[in-house]
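In full-length UniProt numbering, the protein residues as written are 1 to 123.
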Amino acid sequence: MYDTSDLSCARQRAERIALLNDAARQGRDRTARIVMTSGLLAELGGDTVAQSMMAQARLIAALRHCTFAPDSPERDFASLDVDGIKVLMKVDYYDTELAFGSEDPVNPAMTRRVITLMRPADY
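Next comes the structure, spelled out in C-alpha coordinates:
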(Lines of atoms letter the chains of each structure in order from A; the text may use other names.)
(Lines give C-alpha, C1' and ligand atoms only; values in the text may rest on other atoms or scores of the structure.)
Protein backbone atom coordinates (compact mmCIF):
# COMPACT_ATOMS: atom_id res chain seq x y z
CA MET A 1 0.00 0.00 0.00
CA TYR A 2 1.19 3.53 -0.67
CA ASP A 3 0.64 6.84 1.04
CA THR A 4 -1.85 8.94 -0.95
CA SER A 5 -0.33 12.14 0.43
CA ASP A 6 2.98 11.22 -1.27
CA LEU A 7 1.11 10.68 -4.54
CA SER A 8 -0.68 14.02 -4.15
CA CYS A 9 2.61 15.78 -3.42
CA ALA A 10 4.23 14.19 -6.49
CA ARG A 11 1.32 15.30 -8.67
CA GLN A 12 1.52 18.86 -7.32
CA ARG A 13 5.27 18.91 -7.96
CA ALA A 14 4.80 17.62 -11.53
CA GLU A 15 2.10 20.21 -12.20
CA ARG A 16 4.30 23.04 -10.86
CA ILE A 17 7.16 21.91 -13.10
CA ALA A 18 4.72 21.67 -16.02
CA LEU A 19 3.57 25.25 -15.47
CA LEU A 20 7.18 26.46 -15.37
CA ASN A 21 7.92 24.50 -18.56
CA ASP A 22 4.83 26.04 -20.21
CA ALA A 23 6.09 29.51 -19.32
CA ALA A 24 9.48 28.70 -20.86
CA ARG A 25 7.92 27.31 -24.06
CA GLN A 26 5.66 30.33 -24.41
CA GLY A 27 8.46 32.86 -23.98
CA ARG A 28 7.43 34.02 -20.50
CA ASP A 29 10.63 32.84 -18.78
CA ARG A 30 13.43 35.24 -19.68
CA THR A 31 16.05 32.89 -18.22
CA ALA A 32 15.06 29.95 -20.45
CA ARG A 33 17.00 29.08 -23.58
CA ILE A 34 15.74 27.54 -26.80
CA VAL A 35 18.24 25.51 -28.80
CA MET A 36 17.72 24.04 -32.26
CA THR A 37 20.03 21.39 -33.62
CA SER A 38 21.97 22.19 -36.78
CA GLY A 39 20.51 19.10 -38.45
CA LEU A 40 16.98 20.33 -37.87
CA LEU A 41 17.75 23.83 -39.14
CA ALA A 42 19.49 22.41 -42.21
CA GLU A 43 16.46 20.28 -43.02
CA LEU A 44 13.91 23.07 -42.43
CA GLY A 45 15.87 26.13 -43.50
CA GLY A 46 16.61 27.27 -46.98
CA ASP A 47 19.68 28.62 -48.64
CA THR A 48 19.34 32.16 -47.34
CA VAL A 49 19.48 33.76 -43.92
CA ALA A 50 15.88 34.94 -44.38
CA GLN A 51 14.68 31.39 -45.10
CA SER A 52 16.52 30.10 -42.04
CA MET A 53 14.95 32.80 -39.88
CA MET A 54 11.50 31.91 -41.19
CA ALA A 55 12.13 28.24 -40.37
CA GLN A 56 13.10 29.23 -36.83
CA ALA A 57 9.92 31.29 -36.51
CA ARG A 58 7.81 28.29 -37.61
CA LEU A 59 9.58 26.11 -35.05
CA ILE A 60 8.94 28.61 -32.24
CA ALA A 61 5.26 28.88 -33.23
CA ALA A 62 4.91 25.08 -33.18
CA LEU A 63 6.72 24.93 -29.84
CA ARG A 64 4.30 27.39 -28.26
CA HIS A 65 1.25 25.44 -29.41
CA CYS A 66 2.38 21.83 -28.99
CA THR A 67 0.34 19.24 -27.12
CA PHE A 68 1.59 16.58 -24.76
CA ALA A 69 0.96 12.89 -24.27
CA PRO A 70 -0.38 11.72 -20.90
CA ASP A 71 3.00 10.09 -20.18
CA SER A 72 4.59 13.58 -20.02
CA PRO A 73 3.03 15.06 -16.86
CA GLU A 74 5.79 17.68 -16.55
CA ARG A 75 5.19 18.65 -20.19
CA ASP A 76 8.92 18.27 -20.82
CA PHE A 77 8.84 16.12 -23.96
CA ALA A 78 6.72 16.28 -27.11
CA SER A 79 6.69 15.32 -30.74
CA LEU A 80 5.64 18.00 -33.25
CA ASP A 81 5.20 18.22 -36.98
CA VAL A 82 6.67 21.27 -38.72
CA ASP A 83 6.45 21.45 -42.51
CA GLY A 84 5.95 17.69 -42.63
CA ILE A 85 9.09 17.04 -40.59
CA LYS A 86 8.93 15.29 -37.24
CA VAL A 87 10.45 17.46 -34.51
CA LEU A 88 11.14 16.43 -30.93
CA MET A 89 11.03 18.92 -28.06
CA LYS A 90 12.84 18.24 -24.78
CA VAL A 91 13.13 20.45 -21.70
CA ASP A 92 16.20 19.98 -19.49
CA TYR A 93 16.82 21.58 -16.11
CA TYR A 94 20.18 23.17 -15.32
CA ASP A 95 21.69 25.20 -12.50
CA THR A 96 21.91 28.98 -12.94
CA GLU A 97 25.35 28.71 -14.55
CA LEU A 98 24.12 26.09 -17.07
CA ALA A 99 26.94 23.81 -15.92
CA PHE A 100 25.15 21.07 -13.98
CA GLY A 101 21.67 19.69 -13.56
CA SER A 102 19.33 21.64 -11.32
CA GLU A 103 18.92 20.36 -7.79
CA ASP A 104 15.27 21.46 -7.74
CA PRO A 105 13.41 22.07 -11.04
CA VAL A 106 10.43 23.39 -9.05
CA ASN A 107 12.51 26.34 -7.85
CA PRO A 108 12.88 28.90 -10.67
CA ALA A 109 15.50 30.83 -8.69
CA MET A 110 17.92 27.92 -8.97
CA THR A 111 16.86 26.43 -12.33
CA ARG A 112 17.44 27.41 -15.94
CA ARG A 113 15.34 25.61 -18.51
CA VAL A 114 16.88 24.67 -21.84
CA ILE A 115 14.44 23.62 -24.53
CA THR A 116 15.97 21.62 -27.35
CA LEU A 117 14.24 21.20 -30.71
CA MET A 118 15.68 18.38 -32.79
CA ARG A 119 15.04 15.70 -35.36
CA PRO A 120 14.61 12.16 -34.01
CA ALA A 121 18.00 11.33 -35.56
CA ASP A 122 19.57 14.06 -33.40
CA TYR A 123 18.26 12.62 -30.12
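Ideal Cβ placement from N, Cα and C applies to all residues, glycine included.
Suppose only complete runs of 4+ residues qualify. What are the alpha helix (DSSP H) ranges in the stretch 58-122, listed by chain order?
List check, alpha helix (DSSP H) in window: nothing returned.
Measuring straight from C-alpha to C-alpha, what distance separates Pro108 and Leu19?
When rounded, the distance between both Cα atoms is 11 Å.
Over what stretch of residues does the beta strand (DSSP E) that includes Arg33 continue unbroken?
Where Arg33 is concerned, the enclosing beta strand (DSSP E) stretches over Arg33 to Met36.
What would DSSP say about Arg28, mapped onto helix, strand or coil?
Three-state DSSP puts Arg28 in coil, outside helix and strand.
Please return the same chain residues whose Cβ sits closer than 8 Å to the Cβ of Glu103, not counting the five positions on each side in sequence.
Answer for Glu103: Asp95 and Met110, listed in chain order.
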